[in-house]
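Encoded as structure tokens, the structure appears first; notes follow it.
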Amino acid sequence: MSKIWLCIVILVFGKECMAQSIVEFKHTLKVPVLFLKYDSTAKVQEMQFAKRSTNKDAWSPIRKNTVFSLKGNDRCHLYMQWYNPFIYRFTYSDTSYIDPRDAALSSFFDQFLAMAKITSGVGKGDTIESNKWYSKYKFTDKQLKMMLAILDSPSCMYLDSAKFKPIFDSIYTIELNKNAELGTTYQNELFALAGAKNQADFIKILDELEEVKIDWPIKLKKTEHCVSWLKKSGYEDITHRDSRSSLIFNTVISSYLNKIEVLQLSNRNIIKSLDTILQSNINNYSDSKESKELPGFYKIGEVDMEYGKRTEHIIQVKIYQLDKEKFTFNEKGESVVRKLVFETYDPIFPKVGTGFFYSNISFSEFGVASDSAGKLTVAQSTIKKESAVPALMLNLLLNNNSRYFSPMLQIGIDPTKKHPYFLLGGGGFFGANNFGISGGMVFTWKPELNTLSEGQTITSTLELEKDIVYNFDFKPGWYLGFVYKFD
Numbered sequence: 000m001s002k003i004w005l006c007i008v009i010l011v012f013g014k015e016c017m018a019q020s021i022v023e024f025k026h027t028l029k030v031p032v033l034f035l036k037y038d039s040t041a042k043v044q045e046m047q048f049a050k051r052s053t054n055k056d057a058w059s060p061i062r063k064n065t066v067f068s069l070k071g072n073d074r075c076h077l078y079m080q081w082y083n084p085f086i087y088r089f090t091y092s093d094t095s096y097i098d099p100r101d102a103a104l105s106s107f108f109d110q111f112l113a114m115a116k117i118t119s120g121v122g123k124g125d126t127i128e129s130n131k132w133y134s135k136y137k138f139t140d141k142q143l144k145m146m147l148a149i150l151d152s153p154s155c156m157y158l159d160s161a162k163f164k165p166i167f168d169s170i171y172t173i174e175l176n177k178n179a180e181l182g183t184t185y186q187n188e189l190f191a192l193a194g195a196k197n198q199a200d201f202i203k204i205l206d207e208l209e210e211v212k213i214d215w216p217i218k219l220k221k222t223e224h225c226v227s228w229l230k231k232s233g234y235e236d237i238t239h240r241d242s243r244s245s246l247i248f249n250t251v252i253s254s255y256l257n258k259i260e261v262l263q264l265s266n267r268n269i270i271k272s273l274d275t276i277l278q279s280n281i282n283n284y285s286d287s288k289e290s291k292e293l294p295g296f297y298k299i300g301e302v303d304m305e306y307g308k309r310t311e312h313i314i315q316v317k318i319y320q321l322d323k324e325k326f327t328f329n330e331k332g333e334s335v336v337r338k339l340v341f342e343t344y345d346p347i348f349p350k351v352g353t354g355f356f357y358s359n360i361s362f363s364e365f366g367v368a369s370d371s372a373g374k375l376t377v378a379q380s381t382i383k384k385e386s387a388v389p390a391l392m393l394n395l396l397l398n399n400n401s402r403y404f405s406p407m408l409q410i411g412i413d414p415t416k417k418h419p420y421f422l423l424g425g426g427g428f429f430g431a432n433n434f435g436i437s438g439g440m441v442f443t444w445k446p447e448l449n450t451l452s453e454g455q456t457i458t459s460t461l462e463l464e465k466d467i468v469y470n471f472d473f474k475p476g477w478y479l480g481f482v483y484k485f486d
């Protein structure tokens with residue numbers, strides 16, 4: 000009947016253990032280098048890794064429960080493939096915590112000991128001169144060309160250049176520095192920056208944008224200075240013999256200044272946008288060491304292991320795209336987060352589990368009986384433990400990197416106050432379903448009488464209880480165990 004009951008326990012808890020299964024995918028790193036890359040071409044975007052000791056094309060996905068075991072090293076170098084930092088923005092963080100293997104051992108022995116009761120300048124005015132004084136001005140603006148044509152007319156033959164030349168000098172300075180092509184330059188460079196496929200091209204374009212940032216503001220200030228001077232110069236009040244020409248001059252200059260002010264406002268916004276982009280907190284790996292073994296991969300950090308701890312690295316990538324109208328990089332979709340867990344390699348992997356065991360142990364039990372005279376006497380009976388007993392088990396698994404089966408040694412305890420058990424055996428761990436079967440020797444602490452003996456008369460049950468002592472029985476029995484829940 001007990002065997003049938005034990006089978007029922009296994010069947011009932013079998014489903015539970017599969018539901019609770021948390022399988023870790025372990026990879027041993029014999030050489031302390033790990034290459035990482037982000038695959039944006041797959042249907043489900045993912046992070047991938049490759050070990051230095053493997054073929055460079057042998058990339059594997061980083062799963063939620065991937066663990067890297069460092070064999071013979073306490074440090075690992077991490078390299079990430081280069082990605083355009085304006086499109087792919089990576090952030091890294093790390094933390095350390097107690098290795099579950101150490102925690103399992105600590106927890107088990109705490110309970111074991113408890114059972115044993117042990118308890119991170121504007122031009123200057125010139126004198127009257129020939130009407131060809133303006134020939135040096137090479138304007139490209141259509142309205143300004145029209146003004147030059149008017150100067151060639153007979154009515155302007157004896158124009159007082161002392162009044163007009165400072166105005167034309169200022170306009171010419173504006174033409175040389177107005178930055179009409181800044182918008183196109185910025186747009187082209189920005190598009191090229193967003194499309195850069197390697198670090199060398201990216202740095203080259205970034206340097207060109209830095210030059211734009213330094214050069215154009217200087218020209219912008221010169222232009223604004225001249226615009227300000229022209230507005231205060233009183234050009235509207237300067238007249239000559241041809242009133243029609245005066246009207247054209249005034250209208251052209253006024254229209255030209257309005258157009259320049261609009262252009263300068265646009266240029267200021269471009270410089271501001273450029274400054275924001277160049278000051279972005281991006282990681283271009285410009286200060287990082289490039290891998291000699293795998294070019295295009297740059298060192299992003301090191302894993303330094305602490306004794307008895309695991310190190311966890313979180314990598315997050317956010318995808319951005321360029322808004323070609325607003326010239327800004329905007330986040331696209333949800334970010335991808337992956338966790339890298341590192342531990343030191345050990346051929347033995349401890350796991351603590353709870354379960355049941357069945358044994359052939361029998362022991363004596365003492366009680367009180369009455370004799371024919373009605374007096375209390377010591378009574379003794381033998382009890383055979385046939386029912387399944389719950390236990391806490393420390394399982395020392397062989398680290399064979401199998402998801403299905405690992406052999407194990409087992410130490411177990413049943414920390415009951417009355418009849419504690421000590422198990423010593425072995426078995427197998429079925430990783431895919433997170434349960435184990437074991438068997439071996441079982442020891443117990445048997446109750447014995449200290450000074451009293453069976454049939455002896457006593458005054459009370461308290462006298463009997465004080466006299467019972469528990470001594471370790473070195474003669475083992477056998478047990479069959481089932482571990483259904485591993486922490």
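Each residue of the sequence shown is one higher than the last, beginning at 0 in numbering that gives the first Met the number 0. All residues carry an ideal CB built from backbone N, CA and C; glycine is no exception.
Span of the alpha helix (DSSP H), counted from its first residue to its last, around residue i
i: His224; result: Gln198 to Lys231
i: Phe190; result: Leu181 to Ala193
i: Glu311; result: Where Glu311 is concerned, there is no enclosing alpha helix (DSSP H), although the beta strand (DSSP E) it sits in stretches over Lys308 to Asp322.
i: Asp38; result: No alpha helix (DSSP H) contains Asp38, which is instead part of the beta strand (DSSP E) from Val32 to Asp38.
i: Lys465; result: Thr460 to Asp466
Residue from the options whose Cα sits closest to the Cα of residue i
i: Ile347; options: Glu292, Phe428, Ile314 and Ser272; result: Phe428
i: Ala148; options: Ile247, Asn83, Asn359 and Asn433; result: Ile247
i: Lys258; options: Phe107, Ser361, Ile170 and Gly307; result: Ile170
i: Cys75; options: Ser227, Val302, Ser134 and Gly182; result: Val302
i: Glu487; options: Glu305, Val367 and Asp472; result: Given that the chain is displayed from residue 0 to residue 486, the structure contains no residue 487 and the question cannot be resolved.
i: Pro419; options: Leu397, Ser401 and Leu391; result: Leu391
i: Asn555; options: Thr183, Val316, Gly476 and Val66; result: Lying before the first or after the last residue shown, residue 555 is absent from the chain, which here runs from 0 to 486.
i: Phe108; options: Thr458, Ile276 and Gly411; result: Gly411
i: Pro99; options: Pro84, Gly233, Lys308 and Phe404; result: Lys308
i: Asp472; options: Ser227, Gly454, Asp38 and Trp444; result: Trp444
i: Phe341; options: Thr184, Gly373 and Leu69; result: Leu69
i: Ser358; options: Arg402, Gly480 and Asp73; result: Gly480
i: Phe362; options: Gln409, Ser290, Gly354 and Asn470; result: Asn470
i: Lys230; options: Tyr185, Tyr255 and Ile213; result: Tyr255
Pairwise C-alpha distance: residue j and residue i
i: Gln278; j: Tyr483; result: 56 Å
i: Val211; j: Asp200; result: 17 Å
i: Glu292; j: Tyr91; result: 23 Å
i: Leu321; j: Tyr136; result: 40 Å
i: Val335; j: Leu208; result: 30 Å
i: Ser272; j: Phe296; result: 30 Å
i: Ile97; j: Thr343; result: 12 Å
i: Ser265; j: Leu143; result: 22 Å
i: Leu393; j: Phe356; result: 14 Å
i: Thr275; j: Tyr78; result: 28 Å
i: Ala49; j: Asp345; result: 21 Å
i: Ala490; j: Ala387; result: The shown model of the chain, from 0 to 486, leaves out residue 490, and the question about it has no answer.
i: Gly194; j: Glu188; result: 10 Å
Nonlocal neighbours in the same chain, by C-beta distance under 7 Å from residue i, ignoring five residues either side
i: Thr172; result: Lys221 and Cys225
i: Asn176; result: Lys218, Lys221 and Thr222
i: Met0; result: Because Met0 carries a pLDDT of 44, less than 50, the predicted location of this residue cannot be relied on, and the following value inherits that uncertainty. Excluding residues within five positions, none has a Cβ falling inside 7 Å.
i: Tyr319; result: Phe85, Ile86, Arg88, Phe328, Asn329, Glu330 and Lys331
Own chain residues within Cβ distance below 6 Å of residue i, not counting five before or after
i: His312; result: Asp93 and Leu339
i: Glu364; result: Ser380 and Ile382
i: Gln198; result: Trp81
i: Pro60; result: Glu45 and Gln47
Own chain, CB closer than 8 Å to residue i, minus 5 neighbours either side, in chain order
i: Ile467; result: Phe365, Pro446, Glu447, Leu448 and Asn449
i: Ile457; result: Val367, Leu375, Thr376, Val377, Leu451 and Leu463
i: Met440; result: Leu422, Leu423, Gly424, Pro475, Gly476, Trp477 and Tyr478
beta-carbon residue i near the ligand SAH non-hydrogen atom, thresh 8 Å
i: Asp214; result: Absence of the ligand SAH from the depicted structure is noted, as is the absence of any ligand whatsoever, leaving it without description.
N-terminal and C-terminal residue of the beta strand (DSSP E) that residue i is part of
i: Glu364; result: Ser361 to Ser369
i: Leu445; result: Note that residue 445 is Lys in the sequence shown here, rather than Leu. It spans Phe434 to Leu448 - the beta strand (DSSP E) in which Lys445 sits, taken as one unbroken run.
i: Pro349; result: Ile347 to Ser358
i: Tyr297; result: Phe296 to Asp303
Minimum length 3: unbroken beta strand (DSSP E) runs contained in the segment 391 to 431
405 to 413 and 420 to 429
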